[in-house]
Amino acid sequence: MGVTPLERNNVQLNGAGQQPMMFAHGFGCDQTMWRFLIPYFEDRFQVVSFDYVGCGQSDFSEFDAQRYSSLQGYAREVVEIARAANLKDIIFVGHSVSSMIGYLAARMAPDLFSHLILIVPSACYINEPPYYEGGFAREDLEGLLDLMEKNDLGWAGFLAPLVVQNADRPELSQELQDSFCAADPTIARRFAETTFLSDNRKDLSPIDPPPLIIQCRDDRIAPRSAIEFVHQKLDGSTLECLPIGGHCPHMTHPAETAAAIDSYLRREKLPRTP
Amino acid sequence: MSALPSISTGNPSLFGIIRTDRDCRITEINPTLSDWAGFEADELVGKRFDALLDGAGGLYFDAHCLPSLEIGHQLEEIYLSLVTKSGEPLPVLINACRHGDTGQCWFEFGLVRMKRRARVEDELLRTKKLAVQGNEAKARFLGMITHELRNPLQSMTMSVDLLLEGSLGPLTPTQRELLESCQEAGSNLSHLINDILDFAGLQSGKVSIQIETISANDCLTRAESLLKPRIESSEISFETEYLSNDVKLNGDPRRIQQILLNLVTNAIKFTPPGGKITARLLATEQTISFEVEDTGCGIEESNLAKIFEAFVQVGKNETRTMGIGLGLAISRDLAHAMGGRIEVRSTPDLGSVFSLIFPQSIQ
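Here the protein sequences come in this chain order: A and B.
In this text, residue positions in the first sequence follow UniProt numbering: the first is 1, and each later residue adds one.
In this text, residue positions in the second sequence follow UniProt numbering: the first is 1, and each later residue adds one.
This is the structure we're talking about:
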């Protein structure tokens, strides 16, 4: 008997609300990265989070190199999870590459998705001079794969470090320490290749309702130009620029990120009451 | 913000230290780091940490290292390459941690230069990649060649079989003798090609193994009946010793036969007429062993490990007959693939004992 999507992807279903809010992590991590943002929504929504195959506590044996050689493969995974959990009217929150994955999933199965919230999206990470600045040269990606290889043992350094003991942060549990950023190096490499070589610029067109796009002021991975490109293509989308550095606002500044999302949810009158 | 002593003054340290705020903007560096990177402190303070990294390093840092730090993890032994003021790469090993809790935190990075070690690691990685590519290419090549060889061989052996059956008319004794010689050569060639295919498959991890729970005595019985013709045509005596209390093991019965055939065939090859081969089963509390013992020429101690290498044949020239030295390499890899192993002990001029050892099946 095969593994179900809920088992395969370590799907977690929580929250007190009816309408599902689905959180999809980006490259380099797993669903534990949402731990600081989810509490802002779990009283009003059904909260759904998961790990892509090869990340976190997913079933690594289900990894299919062919399937995951494109973001469409990941989008299909999202749709499978949604159907397996009987989700409808999903508000999809995607970080980084998951923004594109969510967009593609919404195109594949528009009946399942209600709204898209795209945190630091990019449709293409590689520069195409002179007109498109994705942020990176192709050699940078090769350099990244090299670094990942050299740090293969260094990944273990993520898995068994000393967590800063902090009485104010009881949520930094042993589980978090062990699971955060757990990844099979071969699969992580493939995820990196698929993510950073992806080019979804031609796939982007206005979608209804227009999504929320969250941008960080100083983000090397999704620079302003790349985010602007997505914003222009998704005509009518709302662009919120947070005065935050880095690529993970939902981790470093969950309150500000939640506020930006809430502002959008209020305008869109979400959650929908049955 | 920092509860720790300032690092920006003081004696030079063996380590480079960088401190940043929660946005990863540099707040302090120590003189050693300044010296290594070629920047004065005021050239770096206020800049983000990843400004010291190249494109790849920045990607790796922002996508993976920083989220890890932000969530409270400590980084250990992370390899990155800084870019100095003059544009030179500076390979470093980094430990880093977060101080304080999320609202008020800051980060500290400790760096060690590793120029020489980085060169060695680069070379190791490069050689490893080449070796892996070489292995894969070799396996693909072997697989392709043997498939090409099989087809004409099959057609030849079918024709010879037809002629020997008399389907195309009676044969003279000389014709029969020649055709039987062709048939034997065809069979040997077919075994050789199967060996090469198996070897290529094992090298690329693509050989099929079907594990079942099987009786040890049954395995030996099957091997004995398969080996009978070969043994009868040699002038070597053959004995078997079965277990009085049969035990079970987990293995692929077909592959176990393949290994036993290989071990006994080798024993026949290296045992002179008048010698003796014994195939026995031995059981301990945890293991079950198939032993093949011969009274042949034995193996020098210096060759005991070599005989398991692919394409290696040891022994006196007159004992080397058909084969290209793959049998033991394949047997060893098949044993491994089934969770077992092969061991050998030998005395030159007296003989050898090969043991195929499995854990007993847990019922």
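Beta carbons: idealized from backbone N, C-alpha and C, even for Gly.
Because the structure is a prediction, the values reported are computed rather than measured.
Kindly list, in the order they appear in chain A, the residues whose Cβ is closer than 7 Å to that of I268 (chain B). Simply none; closest approach about 43 Å.
When you compare the CB of D199 (chain A) with every CB in chain B, is at least one pair closer than 9 Å? no
Closer than 9 Å, CB to CB, is T252 (chain A) near chain B or not? yes
Residues in the same chain with beta-carbon distance under 8 Å from Q286 (chain B), minus the five sequence neighbours each way, listed in chain order, please. P359 and Q360
Which of the three DSSP states is assigned to residue 278 (chain A) in this structure? The structure shown does not extend to residue 278 (chain A), since chain A is modelled only from 1 to 274, so the question has no answer here.
For a quick check, are the C-beta atoms of G16 (chain B) and T27 (chain B) less than 9 Å apart? no
DSSP state of N151 (chain B) mapped onto helix, strand, coil: Three-state DSSP puts N151 (chain B) in a helix.
State buried or exposed for L30 (chain A), treating a residue as buried only when at least 16 other CB atoms are found within 10 Å of its CB. It is worth fixing the name first, because residue 30 (chain A) is Asp in this sequence and not Leu. Looking at its Cβ environment, which holds 16 or more other Cβ atoms inside 10 Å, D30 (chain A) is buried.
With respect to the alpha helix (DSSP H) encompassing A200 (chain B), which residues constitute its N-terminal and C-terminal limits? That run of the alpha helix (DSSP H) goes P173 to Q203.
DSSP three-state assignment for L147 (chain A), whether helix, strand or coil: helix
Nearest-angstrom beta carbon gap, N151 (chain A) and I78 (chain B) [assumed within contact, 8 Å]: 6 Å
Assuming the contact rule is C-beta atoms closer than 8 Å, L260 (chain B) and A223 (chain B) should be a hit. Round their C-beta distance to whole Å, please. Cβ atoms of L260 (chain B) and A223 (chain B) come within 8 Å of each other, at about 4 Å.
Once DSSP output is grouped into helix, strand and coil, what is the label at R48 (chain B)? R48 (chain B) falls in the strand class under three-state DSSP.
Terminal residues of the alpha helix (DSSP H) in which A310 (chain B) lies: A310 (chain B) -> no alpha helix (DSSP H), and no H or E assigned at all.
8 Å contact criterion, which I214 (chain A) and L242 (chain A) should meet: CB distance rounded: 6 Å between Cβ atoms; contact.
Beta-carbon proximity list for E300 (chain B), same chain, < 7 Å, skipping 5 on both sides: Annotation for E300 (chain B): P348 place their beta carbon closer than 7 Å to its own, counting only its chain and skipping 5 residues before and after.
Would you mind telling me which residues of chain A sit closer than 8 Å to L66 (chain B), beta carbon to beta carbon, in chain order? G246, H247 and C248
Limits of the unbroken alpha helix (DSSP H) element including H231 (chain A): Taken as a continuous stretch (DSSP letters only), the alpha helix (DSSP H) holding H231 (chain A) covers R224 to K233.
Anyone know if the C-beta pair for P91 (chain B) and L80 (chain B) falls short of 9 Å? yes
Less than 9 Å between CB atoms is the rule here; does A137 (chain A) satisfy it with respect to chain B? yes
Meets three-Cβ-pair contact criterion under 8 Å: the stretch 117-130 of chain A and the stretch 91-108 of chain A: yes
Closer than 8 Å, Cβ to Cβ, to anything on chain B: give me those residues from the stretch 1-33 of chain A, in chain order. G26, F27, G28, C29, T32 and M33
Neighbourhood of S13 (chain B) by C-beta, 7 Å cutoff - its chain only, sequence neighbours within 5 removed: N30 and T32
Kindly say whether L111 (chain B), judged by its beta-carbon, lies nearer than 9 Å to any beta-carbon of chain A. no
Kindly identify the DSSP beta-bridge partner or partners of E291 (chain B). E291 (chain B) is bridged to B:R280 and B:S355.
Measure the beta-carbon distance from C216 (chain A) to H247 (chain A) and round it to whole angstroms, keeping in mind my assumption that it falls under 8 Å. 7 Å
Cβ-based burial, T284 (chain B) [other Cβ within 10 Å; buried from 16]: exposed
3 or more residues per run - each beta strand (DSSP E) lying fully within the stretch 34-90 of chain A: 46-49
Along chain B, in chain order, which residues have C-beta atoms closer than 7 Å to that of D218 (chain A)? R48
Report buried or exposed for G169 (chain B), applying the criterion of at least 16 other Cβ atoms within 10 angstroms of its Cβ. exposed
At least one CB of chain A closer than 9 Å to the CB of I211 (chain B): is that the case? no
Cβ closer than 7 Å: which chain B residues qualify as neighbours of N151 (chain A)? I78 and Y79
Taking 9 Å as the threshold (beta carbon to beta carbon), is R25 (chain B) in contact with chain A? yes
Expressed to the nearest angstrom, what Euclidean distance is found between the alpha-carbon atoms of P254 (chain A) and I261 (chain A)? P254 (chain A) and I261 (chain A) have their alpha carbons spaced roughly 10 Å apart.
Is it a yes or a no for the stretch 145-158 of chain B touching the stretch 186-194 of chain B, going by three-plus beta-carbon pairs under 8 Å? Cβ pair count under 8 Å is three or more, so yes.
Within its chain, find whatever has a CB closer than 6 Å to the CB of V79 (chain A); leave out the 5 residues flanking it on each side and keep chain order. A105, M108 and A109
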